[in-house]
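Asker:
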Amino acid sequence: KGKEGDYYTNLALKIASREGAEPEAVANRIAGQIKHPIIKRITVHHPGFVNFSLSEDYLYEQMTKESSLDIGNGKKVLIEYVSANPTGPINVVSARAAAVGDSLVRLFRKSGFRADAEYYVNDVGRQTDLLTESVIQRKKELMGGNAEIPENGYHGEYVRDIAKEIIAQGIEDRSAIKKYSIDYFVNAHKQVMRDFGIEFDVWTLESELYKRGFVDRTLQILKERDLTYTEDNALFFRTTAFGDDKDRVIITSDHRNTYLLPDIAYHLDKLERRYDTLIDIWGPDHHGHIKGIMGGIQALGYPPGILHVLIVQQVKLKEHGRVITMSKRAGTFTTLNDLLKRIPRDVVRFFFLMRSSSQHLDFDLDLALKQSDENPVYYVQYAHARIKSIIRFADQKGITLSNSINTSLLREMEEFGLIKSVLKYEEVLNDAVCNREPYMIAYYLIDLARDFHSFYQKHRVVTEDIPLTEARLFLISKTAHTIKDGLELLGVSCPEEM
RNA sequence: GCGCCUGUAGCUCAAUCGGAUAGAGCAACGGAUUUCUAAUCCGUAGGUUAGGUGUUCGAUUCACCUCAGGCGCGCCA
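Take a look at the structure:
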């Protein structure tokens, strides 16, 4: 999009600088050589930009075509996200990752990929042991004893809730308590994901990877390829061979696996399921693990480019102009559950997707609660509801869309604005998928809604002029359809009336 | 100390591979509706892009330095 015209290129400036030529002369030569029916006008501007304006006939013609994007060619993509540990509730960063991940799955599917959504459950290891011990201590406390919560144990109120249930059900055995505690959270996570409108295709348990031998196989491969060594009684994986700044421990001196070994095994499992691309969505505290996993992928013989790790940045909750502090230690962090209790799902989704996921996000609770023009999600939804209302009105008048719409009756400035905005959708989809950034859709929808509202303010749709009415009805139904499609990609509902 | 993210209008954020006069929303101010939804529209104002140096036709964007905020640097996940 240029300052003038619909598209621009800086090609002349690039050529001129390489050839030592005069930019505007190059631009003029380019402009002089391009002739195409879809281009109405080409202009050259200082210092050497070439601007293209599309012809009206081309725009009219495009309006009558169904838009679709197929850049995936049926390639398989696996998007793994949230994967919160079954040792506590889902926090706001994971909630944001949930919104982003789900939207990406929808985006990839929309653009011709075969995309699966996956959730990984770390149901093995020290954290689950700590949870188990914390529950046992709370149980002891509830039965009249003193709780001795271990160092780095879990202090949240939910630990007490689990202990109560365990007492009520008479569960005594440690391993049974462990299973009960993990199941408690896995089920809770499944439920809150459903409440958030997200269905995962696959839930993979870490314990299953052990059972199916993936962890042993991974270790064997690393050893065979001479990528491990023992130091201080611990087994190291030579990640420095793949550009890491230090090697990583995979088996501790007291013979426990660190997270890294099963994580690499998990990626082996994913890769053997024959995906063309893997996408992992992680929180900001995990960026240090990228090199370890990338090293693992390469050690297993796969190109590093097959995996894309997206770091979703942190979320700051704000209320009454103040930041709500989250303290894990005190067990007072805000969860996705809490958020959904207070704020409509559509708003939570839209707010998380309104910003680039690689940027820090301020979540303003006061604004989210407002059902007014300050809240952009309603702005977009309202445009759709307004259009539907007009279509109902036209219907009452007996005007419905015929097969012979004359789109060339649309000649007003606001009409062209809206036409171009609608036609831009395909490009926006492409950008959003290629950049893996759903916020581009959200931005676009706000723009599209604005273009519609501007048009609406200036021109009446339903008039005595039937051919024009039909052309405008066609334009706005196309707009409504696009809004609905876009909101679906964000996982936001699209009401018929408001 | 090292690494990653961030710093753009009062606030929250855009700005495509380095491109044109840095754009939106909210807040502020001034207007608009006898007709299809005012959860709307139009206008005004608001900027040393944290600061500095460099690279070049051109820097919010790239490099280096300084300042400020966040996160990570465990044989936890």
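Under the working numbering, the first residue of the first sequence is numbered 1, with each subsequent residue one higher. For every residue, glycine included, the Cβ atom is placed at its ideal position computed from N, Cα and C.
Please tell me whether residue 293 and residue 311 are closer than 8 Å, where the distance is taken between their beta carbons.
Answerer: For residue 293 and residue 311, no; Cβs fall outside 8 Å.
Asker: Between the alpha carbons of residue 189 and residue 89, how many angstroms are there, rounded?
Answerer: C-alpha separation (whole angstroms): 7 Å.
Asker: So, for residue 149: in the same chain, excluding its five sequence neighbours on each side, which residues have a beta-carbon less than 7 Å away from its beta-carbon?
Answerer: Closer than 7 Å at the Cβ level, and outside the excluded window around residue 149, lie 134, 137 and 155.
Asker: Any idea what DSSP makes of residue 132, helix, strand or coil?
Answerer: Of the three classes helix, strand and coil, the one that applies to residue 132 here is helix, per DSSP.
Asker: Once the 5 residues before and after residue 115 are set aside, which same chain residues still bring their CB inside 7 Å of it?
Answerer: Cβ within range, chain order: 77, 79, 105, 108 and 109.
Asker: Just how far apart, CA to CA, sit residue 261 and residue 248?
Answerer: Each residue's alpha carbon lies about 10 Å from the other.
Asker: Below 8 Å on the Cβ atoms is my contact criterion, and I expect residue 383 with residue 453 to pass it. Report the Cβ-Cβ distance as a whole number of Å.
Answerer: Going by Cβ atoms, the distance from residue 383 to residue 453 rounds to 6 Å, so yes, they are a contact pair.
Asker: Could you check if residue 63 is buried or exposed, using at least 16 other CB atoms within 10 Å of its CB as the buried criterion?
Answerer: Buried, since its Cβ has 16 or more Cβ neighbours within 10 Å.
Asker: Tell me the residue span of the alpha helix (DSSP H) that contains residue 218.
Answerer: It spans 214 to 224 - the alpha helix (DSSP H) in which residue 218 sits, taken as one unbroken run.
Asker: Measuring straight from C-alpha to C-alpha, what distance separates residue 479 and residue 418?
Answerer: Straight-line Cα distance between these residues: approximately 8 Å.
Asker: Report buried or exposed for residue 381, applying the criterion of at least 16 other Cβ atoms within 10 angstroms of its Cβ.
Answerer: The residue in question, residue 381, is buried, as its Cβ has 16 or more Cβ neighbours within 10 Å.
Asker: If we require 4 or more residues per run, which alpha helix (DSSP H) segments fall completely within the segment 427 to 488?
Answerer: DSSP runs (the alpha helix (DSSP H)) wholly in the segment 427 to 488: 439 to 458.
Asker: Check for me: the alpha helix (DSSP H) holding residue 93 runs from which residue to which?
Answerer: Where residue 93 is concerned, the enclosing alpha helix (DSSP H) stretches over 92 to 110.
Asker: How is residue 318 classed by DSSP in three states: helix, strand or coil?
Answerer: Reduced to three states, the DSSP call for residue 318 is strand.
Asker: Residue 278 and residue 307 - do their beta-carbons sit closer together than 8 Å?
Answerer: Yes.
Asker: Would you give the residue range spanned by the beta strand (DSSP E) that residue 308 belongs to?
Answerer: From DSSP, the beta strand (DSSP E) with residue 308 extends over 307 to 311.
Asker: Measuring only the C-alpha atoms, how far is residue 229 from residue 240?
Answerer: So the alpha carbons of these two residues sit roughly 12 Å apart.
Asker: Does the Cβ-Cβ distance between residue 471 and residue 405 come in under 8 Å?
Answerer: Cβ atoms of residue 471 and residue 405: closer than 8 Å.
Asker: Applying the 10 Å Cβ sphere with the 16-neighbour rule, what's the burial state of residue 436?
Answerer: Residue 436 is buried by the Cβ-count criterion.
Asker: Contact check, residue 6 vs residue 52 under 8 Å by CB: the rounded distance?
Answerer: Going by Cβ atoms, the distance from residue 6 to residue 52 rounds to 6 Å, so yes, they are a contact pair.
Asker: Cutting at 7 Å between CB atoms, please list the residues of its own chain near residue 388, excluding the five before and the five after it.
Answerer: For residue 388, where only same-chain residues beyond five positions count, the Cβ hits under 7 Å are 480, 496 and 497.
Asker: Which class does residue 237 belong to by DSSP, given the choice of helix, strand or coil?
Answerer: Three-state DSSP puts residue 237 in a strand.
Asker: Apart from the five residues on each side of it in sequence, which residues of its chain come closer than 6 Å, Cβ to Cβ, to residue 39?
Answerer: For residue 39, where only same-chain residues beyond five positions count, the Cβ hits under 6 Å are 52.
Asker: If we ignore side chains and look at the alpha-carbon of each, how far apart do residue 351 and residue 375 end up?
Answerer: C-alpha separation (whole angstroms): 9 Å.
Asker: Could you say which of 364, 218 and 301 lies nearest to residue 323 if we only look at CA atoms?
Answerer: Residue 364 is the option with its Cα nearest to residue 323.
Asker: Measuring CA to CA, which of 465, 57, 9 and 67 is closest to residue 45?
Answerer: Among 465, 57, 9 and 67, the Cα nearest to that of residue 45 is on 9.
Asker: Output needed for residue 300: all residues of its chain with C-beta closer than 8 Å, excluding positions within five of it in sequence on either side, in chain order.
Answerer: Around residue 300: 218, 221, 264, 267, 268 and 271.
Asker: Does the segment 407 to 425 come close enough to the segment 54 to 74 to have 3 or more Cβ pairs within less than 8 Å?
Answerer: The segment 407 to 425, when compared against the segment 54 to 74, does touch it at the 8 Å Cβ threshold.
Asker: I need the DSSP call for residue 7, collapsed to helix, strand or coil.
Answerer: Strand, per DSSP.
Asker: Under 8 Å between the Cβ atoms of residue 82 and residue 206?
Answerer: Not closer than 8 Å, so no.
Asker: State the beta-bridge partners of residue 53 as determined by DSSP.
Answerer: DSSP, once it has assigned bridges, lists 41 as partnering residue 53.
Asker: Kindly give me the distance between the Cβ atoms of residue 69 and residue 111, rounded to whole angstroms, as I take these residues to be in contact under 8 Å.
Answerer: Yes, they are in contact, since the Cβ atoms of residue 69 and residue 111 sit about 5 Å apart, within 8 Å.
Asker: What's the gap between the Cα of residue 216 and the Cα of residue 223?
Answerer: Rounded to whole angstroms, residue 216 to residue 223 spans 11 Å at the Cα level.
Asker: Ordered along the chain, which non-local residues of its own chain (more than five positions away) have a Cβ less than 6 Å from that of residue 329?
Answerer: With a pLDDT of only 41 at residue 329, under the threshold of 50, the placement of this residue in the model should not be trusted, and no figure is reported.
Asker: Taking only the alpha-carbon atoms, compute the straight-line gap between residue 490 and residue 296 and give it to the nearest angstrom.
Answerer: Rounded to the nearest angstrom, the two C-alpha atoms are 33 Å apart.
Asker: If you reduce the DSSP assignment to three classes, tell me which class residue 278 lands in.
Answerer: Of the three classes helix, strand and coil, the one that applies to residue 278 here is strand, per DSSP.
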